[in-house]
Structures are given as structure tokens and as C-alpha cells.
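Sequential numbering of the sequence shown, starting at 1, is according to my numbering. Glycine residues also receive a C-beta, built at the ideal position from the N, C-alpha and C atoms.
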Amino acid sequence: MFGPENVRRRWNVDDVTVTKPNVIKRAISAAAIGNITEWYDFGVYAYLQVTIEKVFLPDLDGAIGKIITAALFAVAFLVRPIGGMVFGPLSDKIGRNKVLAMTMIMMALGTFAIGILPGYETVGLWAPILLLACRLLQGFSTGGEYGNAMTFIAEYAPDRKRGFFGSLLEVGTFGGYLMGAIIATIMTGVLTDEQMLSWGWRLPFFIALPLGFVGVYLRSKLADTPAYLQLEKEAEKAEKSNRGGAKKGGEFKNILKLWPSMLICTGLVLAWNVTNYMLTSYIPVYFDSVKSIQGDGGVSEFTSSILQIIVMAVCLVTIPMLGRLSDRIGRKTIIVVGSIALIVLSIPSILLIRGNADLTVMLGLLIMGLSLICFSAMMPSTLPSLFPTLVRAGALSISFNIAISLFGGTTSTVMNALVGGTENLMWPAYYLMAAGAIGLIAVYFTPESNGRPLWGSTPSAESKPEAREHVADLNEEYEAEMAKA
Numbered sequence: 001m002f003g004p005e006n007v008r009r010r011w012n013v014d015d016v017t018v019t020k021p022n023v024i025k026r027a028i029s030a031a032a033i034g035n036i037t038e039w040y041d042f043g044v045y046a047y048l049q050v051t052i053e054k055v056f057l058p059d060l061d062g063a064i065g066k067i068i069t070a071a072l073f074a075v076a077f078l079v080r081p082i083g084g085m086v087f088g089p090l091s092d093k094i095g096r097n098k099v100l101a102m103t104m105i106m107m108a109l110g111t112f113a114i115g116i117l118p119g120y121e122t123v124g125l126w127a128p129i130l131l132l133a134c135r136l137l138q139g140f141s142t143g144g145e146y147g148n149a150m151t152f153i154a155e156y157a158p159d160r161k162r163g164f165f166g167s168l169l170e171v172g173t174f175g176g177y178l179m180g181a182i183i184a185t186i187m188t189g190v191l192t193d194e195q196m197l198s199w200g201w202r203l204p205f206f207i208a209l210p211l212g213f214v215g216v217y218l219r220s221k222l223a224d225t226p227a228y229l230q231l232e233k234e235a236e237k238a239e240k241s242n243r244g245g246a247k248k249g250g251e252f253k254n255i256l257k258l259w260p261s262m263l264i265c266t267g268l269v270l271a272w273n274v275t276n277y278m279l280t281s282y283i284p285v286y287f288d289s290v291k292s293i294q295g296d297g298g299v300s301e302f303t304s305s306i307l308q309i310i311v312m313a314v315c316l317v318t319i320p321m322l323g324r325l326s327d328r329i330g331r332k333t334i335i336v337v338g339s340i341a342l343i344v345l346s347i348p349s350i351l352l353i354r355g356n357a358d359l360t361v362m363l364g365l366l367i368m369g370l371s372l373i374c375f376s377a378m379m380p381s382t383l384p385s386l387f388p389t390l391v392r393a394g395a396l397s398i399s400f401n402i403a404i405s406l407f408g409g410t411t412s413t414v415m416n417a418l419v420g421g422t423e424n425l426m427w428p429a430y431y432l433m434a435a436g437a438i439g440l441i442a443v444y445f446t447p448e449s450n451g452r453p454l455w456g457s458t459p460s461a462e463s464k465p466e467a468r469e470h471v472a473d474l475n476e477e478y479e480a481e482m483a484k485a
């Protein structure tokens, strides 16, 4: 197993960082609002892909149009690693809060800008080029957003409840996506096709701007994380005594030394986000492929949208339950269940989704959704624990965004190409099974972080009584391990 060794030691109650529950809740709200904004945009884009294709690429119909529209979605992921390389290490240098404020503003502006773009009929080829520019800005900013948001919540959360509090970040993911999907579905249902193509498609993108202002306000009202402030104090003490600081240079060199942890992170993120983007980005388009290839199957576009919204709502409610469960039984068990579910249940899931009965389609979507949340609920507490505080945001952002860029964000494009090129509707199942196998390998090498301090940080709790209990448990575990050695 790769992972921290420093958490295995004796602790005193005075070592524990106590953070009040109301401060933790404010920190979660501040971090989650960025995730809501990011995934609101994804929900809107996924549910308006057909309209966006007609506005920006009207001369490209059929499979080619779908592939290029999906590619415009995926292209943002190409610059996410660059955003991670810029904002991740920057967060380790100047603080989580400042970087999260920057990324929040950039994300909101990028989404809002899409809503004011001229269409193809007005400016010709400049329309898709301008859309591409907005998507690149979004990708660059989100490259620094999610890794830092995970770090922010993990460093604020008490050790015994990190699974639950971390899972609330993903409530923001599903909540943002649901909000985007619901608004896009309502607009599609209420407005005529002409109204949607003329001006209706723009309205959902405008909502991102007020969301951004709310996010910046919430984040500006909070101090940086206790773990980061502790690191700053250590650096100041070291500087005063003319020694090498805790926050010394050569961060990329220090990050590369953690390549085993980065490989684990990449594997977990691959399994998680291939499933994530399969459900949220590709499946809305997959229903069209089912109709054109299968002929006699599939549900209507409006019905499929409603069914997917119902499934996402079920997932949203279930995520914090899994987060709380992980604080009792551990993260690894739940990730293993999700990986095995992808391997065993992906074929039944896709076969059900291809049906023409509402109930069977919803059951297929639900199988995929419940497999997904076994990862979604665990990752915000699992991934930050793979890296030490000194380089946590940088190492996490880089490995996370490389996996997203290469595998997660390209899922819809790859599936459109494979299904459109071969007319084999089972490709999504095979892709999910491969992702599940990789997730199973990655979780085998993942250290269990449940109830333990983050690597490079002291224990954390919500109160002094909890701190005393926590220290007693950690010391008892340490003594038991020493007795075995």
C-alpha cells in the first residue's frame, strides 16, 4: 500500500485542531458553490446539445454533428491539466481561498459568455470558434477548481466525519447538474423549437453569473483551512530561525516523487469519471442512437430527460448516506462495491436503457447511477488523503485533471465515434466494465483513510470531548500495530 506514514504515531489532545461545526458548514457551502456552477453548465450543455448543434453547426447533421458538438464539450478537458498545474501549486503557495475565488470568477464568466455568443447565421465559422474559446476558459478554470475544493473541504472536515462532509461536495455536483438539466428541460418543453433556436437556449447560461457572485462572497468570508494555516506557521518559524522552510521550493519535484499516489489517484478518477460522464454527458445523446440504430426501441427525448432527472435526484439523496456509512465501515469497501458493480452490471444496465418501457429504462439508469455514487461519495475524502499537505492541492489537481482530460471528458466523444462507426449499441457497457476493472486495481493499492489524520496534518475534531476520544482511539490503534511489529 502507498500512502502516509506520519499519521502512525502517538498523539496528545493538544495536537488536535478543533474546528466548530458552524465554520465547517460554511466551508462546505463555500466549496460546493463552485461545483454547483461547474456542473450546472455541464447539465445545461448536455441537455441542450441538439439545440447547440443547430445554433453553432447547422450544416453538420447526423453523427458528424453529434461528434463535433461532443468534441466542443470535451475540448475544455484538454486544458484542465494546464489549469491544474497552474492553480494547484499556486494554492499550495498562496492559500486555498484565494485560488478558489479566482477559479469561481473565471468559471462563471466563461459560462455566462456562452449565453451572449452570436450564432452561425450571424458570424459564420466564428460562432463555433468563439464557443471553443469559452469552453477553453471554462476548462482552464475548472482545472484548478475541483482539486482545490476537495482539498479545502478535506482540510476543514474532522477526521471522524470526513467521509460525510466530503460527500456533500458531490451533492453540489449532482445538485448543479440537476438544476441545469431541469431548467433546460423546462425551457425545451415550454418554448417552441423556433424560440429555443432564436433566444431560449441562451437564458440558462445567464444564471451562472449570479451563482459566481454568491460563490465569491461565501469564499471571501472564510479563513483558509486549518491545515494550510498550520503549514504557514511552520514556514514562518523556520524562516525566523534561518532554516529551510516547511513550504520550500521545488514543488513540482516534490510532486513527482509521489508518482505512486498519483497513479492511484489517476486510476480512481478514471473509473469514477468515465461512469460520471457516461451518465451525465453521453446517455442523453445515446437515446437518439438507440432510435436510429435499433429502430423499434427507445423512449422519447422528453421522457428520457425526465427519467434521468429522477435518477440523478435519487443519487443526490443517497450520496450523503454513503458518505456517513464510509465513516463507519471505511471508504475502500464502498469503492470496491462500485467497481464490481460496473464490471458485473454494465451489460444489464445498457440492455435495460435500450428498452422502450419507461420503467426498464429508469432501472438501467438507476443501476448506472448507483454504481457511480459509490465513487462520487468517496472520492472527496479519499483522494486528498493520498498526498501530504505541503503539495496536496498541486499533486491532486494535476493527477485528477490528467485523468479527467484523457478519459472522463472524452467519454462522450469516444462513445459517439464507436457507436456511430460500428452501430454496436453495447460499447458503453464494455467501456464501463474496463473502467470498473481499473478502479478495482487502483483501490487495492489505496490506503484506508477513515478516521485518520490527513497526511502531513494533525488530527482534527469538532469539539474538545471528541478530540479526547479521537486521540484515545488513534493511540490505541498505534499501540496495537506496534505490538504486532
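Exercise. Can you grab the Cα-Cα spacing for the pair Ser493 / Trp11, in whole Å?
Key: It is not possible to answer for residue 493, since the shown part of the chain is limited to 1 through 485.
Quiz item: Pick from Met426, Glu301, Ile67, Leu359: whose alpha carbon is nearest that of Ile347?
Solution: Per the Cα distances, Met426.
Practice problem: Taking Arg162 as the reference, give the member of Ser412, Leu383, Ile264, Met415 with the closest Cα. | Solution: Of Ser412, Leu383, Ile264, Met415, the residue nearest in Cα terms is Leu383.
Exercise. Report the residue ranges of all beta strand (DSSP E) runs contained in full by the region 349–426; include only those spanning at least 3 residues, in chain order.
Key: Scanning the region 349–426 for uninterrupted beta strand (DSSP E) segments of 3 residues or longer gives nothing; none is fully contained.
Quiz item: Going straight from the alpha carbon of Tyr431 to that of Leu72, what length do you get?
Solution: Our two residues, Tyr431 and Leu72, have alpha carbons roughly 21 Å apart in a direct line.
Exercise. Report yes if the CB atom of Tyr146 is closer than 8 Å to the CB atom of Asn35, and no otherwise.
Key: In this structure, Asn35 lies closer than 8 Å to Tyr146 by Cβ.
Quiz item: Opposite Ala461 in the DSSP bridges: which residues?
Solution: Answer by DSSP bridge pairing, in chain order: Val18.
Practice problem: Drop a sphere of 10 angstroms on the beta-carbon of Gly244, count the other beta-carbons inside from all chains shown, and report buried for 16 or more, exposed for fewer. | Solution: Residue placement at Gly244 is poorly supported in this model, since its pLDDT is 47, which falls under 50; the coordinates are not used for a value here.
Quiz item: Between Lys257, Val471, Val171, Asn254, which lies nearest to Leu372 when the distance is taken from Cα to Cα?
Solution: If we check each option's Cα against that of Leu372, Val171 comes out closest.
Quiz item: Who are the Cβ neighbours of Gly364 in its own chain at under 6 Å, not counting the five residues just before and after it?
Solution: So the qualifying residues of the chain are Ser349, Leu352, Ile353.
Quiz prompt | Classification of Pro204 by the beta-carbon crowding that lies within 10 angstroms, buried from 16 upward | solution = Pro204 is buried by the Cβ-count criterion.
Self-check item: Secondary structure of Phe445, DSSP reduced to three states
Solution: Phe445 falls in the coil class under three-state DSSP.
Self-check item: Contiguous beta strand (DSSP E) assignments of at least 3 residues, all confined to the region 171–208
Solution: The qualifying runs do not exist here; there are none.
Quiz item: Which residues mark the beginning and the end of the alpha helix (DSSP H) in which Ile116 is found?
Solution: Secondary structure note for Ile116: it is in no alpha helix (DSSP H), with a DSSP letter that is neither H nor E.
Quiz prompt | Terminal residues of the alpha helix (DSSP H) in which Val269 lies | solution = It spans 259–277 - the alpha helix (DSSP H) in which Val269 sits, taken as one unbroken run.
Quiz item: Just how far apart, CA to CA, sit Leu125 and Phe445?
Solution: Cα to Cα, the separation comes out at about 48 Å.
Exercise. Pick out whichever of Gly267, Met362, Ala467, Val391 has its Cα sitting closest to the Cα of Lys253.
Key: With distances taken between Cα atoms, Lys253 lies closest to Val391.
Quiz prompt | 8 Å Cβ cutoff, Val285 in contact with chain C | solution = The structure shown has no chain C; it contains just one protein chain.
Practice problem: Classify Ser449 as buried or exposed, calling it buried when 16 or more other Cβ atoms lie within 10 Å of its own Cβ. | Solution: Its Cβ being crowded by 16 or more others within 10 Å, Ser449 is buried.
Self-check item: Residue from Asp358, Ala27, Arg202, Ala76 whose Cα sits closest to the Cα of Arg96
Solution: It is Ala27 whose Cα lies nearest to the Cα of Arg96.
Quiz prompt | Buried versus exposed call for Asp14 [16 or more other C-beta atoms within 10 Å across all chains shown] | solution = Per the 10 Å Cβ criterion, exposed.
Quiz prompt | Ala154: first and last residue of the uninterrupted alpha helix (DSSP H) it sits in | solution = Where Ala154 is concerned, the enclosing alpha helix (DSSP H) stretches over 126–156.
Quiz item: In three-state terms, what does DSSP make of Asn254?
Solution: Three-state result, Asn254: helix.
Practice problem: Drop a sphere of 10 angstroms on the beta-carbon of Phe213, count the other beta-carbons inside from all chains shown, and report buried for 16 or more, exposed for fewer. | Solution: So Phe213 counts as exposed.
Self-check item: DSSP three-state assignment for Arg8, whether helix, strand or coil
Solution: In the three-state DSSP reduction, Arg8 falls in the coil class, being neither helix nor strand.
Self-check item: For Pro58, three-class secondary structure by DSSP
Solution: When DSSP states are grouped into helix, strand and coil, Pro58 belongs to the coil group.
Practice problem: Indicate the three-state DSSP secondary structure (helix, strand or coil) for Asn475 in the structure shown. | Solution: Note: Asn475 maps to helix in three-state DSSP.
Quiz prompt | Selected residue, minimal CA-CA separation from Gly323, among Leu307, Met179, Arg160 | solution = Selected option, being the one with the closest Cα: Arg160.
Quiz item: Is the CB-CB distance between Thr142 and Met278 below 8 Å?
Solution: Pairing Thr142 with Met278 gives a Cβ-Cβ distance that is not under 8 Å.
Quiz prompt | DSSP-derived helix/strand/coil call for Pro210 | solution = In the structure shown, Pro210 sits in a helix (DSSP, three-state: H, G or I).
Quiz item: According to the neighbour-count rule (16 or more other Cβ atoms, all chains shown, within 10 Å of its Cβ), is Ile186 buried or exposed?
Solution: Ile186 should be labelled exposed.
Quiz item: Applying the criterion that 16 or more other CB atoms from any shown protein chain within 10 Å of the CB defines a buried residue, is Asp92 buried or exposed?
Solution: Taking a 10 Å sphere around the C-beta of Asp92, we find 16 or more other C-beta atoms and assign the residue as buried.
Quiz item: Just how far apart, CA to CA, sit Ile183 and Leu474?
Solution: Computed Cα separation, rounded: 48 Å.
Quiz item: Hey, is the region 408–422 in contact with the region 332–344, meaning 3+ C-beta pairs nearer than 8 Å?
Solution: Because the criterion of three Cβ pairs below 8 Å is not met, the region 408–422 and the region 332–344 do not touch.
Practice problem: Could you round the C-beta distance between Gly267 and Arg202 to whole angstroms and report it? I think they count as a contact, below 8 Å. | Solution: Not quite, the Cβ-Cβ distance comes to about 39 Å (not below 8 Å), so this is no contact.
Practice problem: Only counting runs of 3 or more residues, tell me where the beta strand (DSSP E) segments fall wholly within the region 323–348, in order along the chain. | Solution: For the region 323–348, not a single whole beta strand (DSSP E) run of length 3 or above is found.
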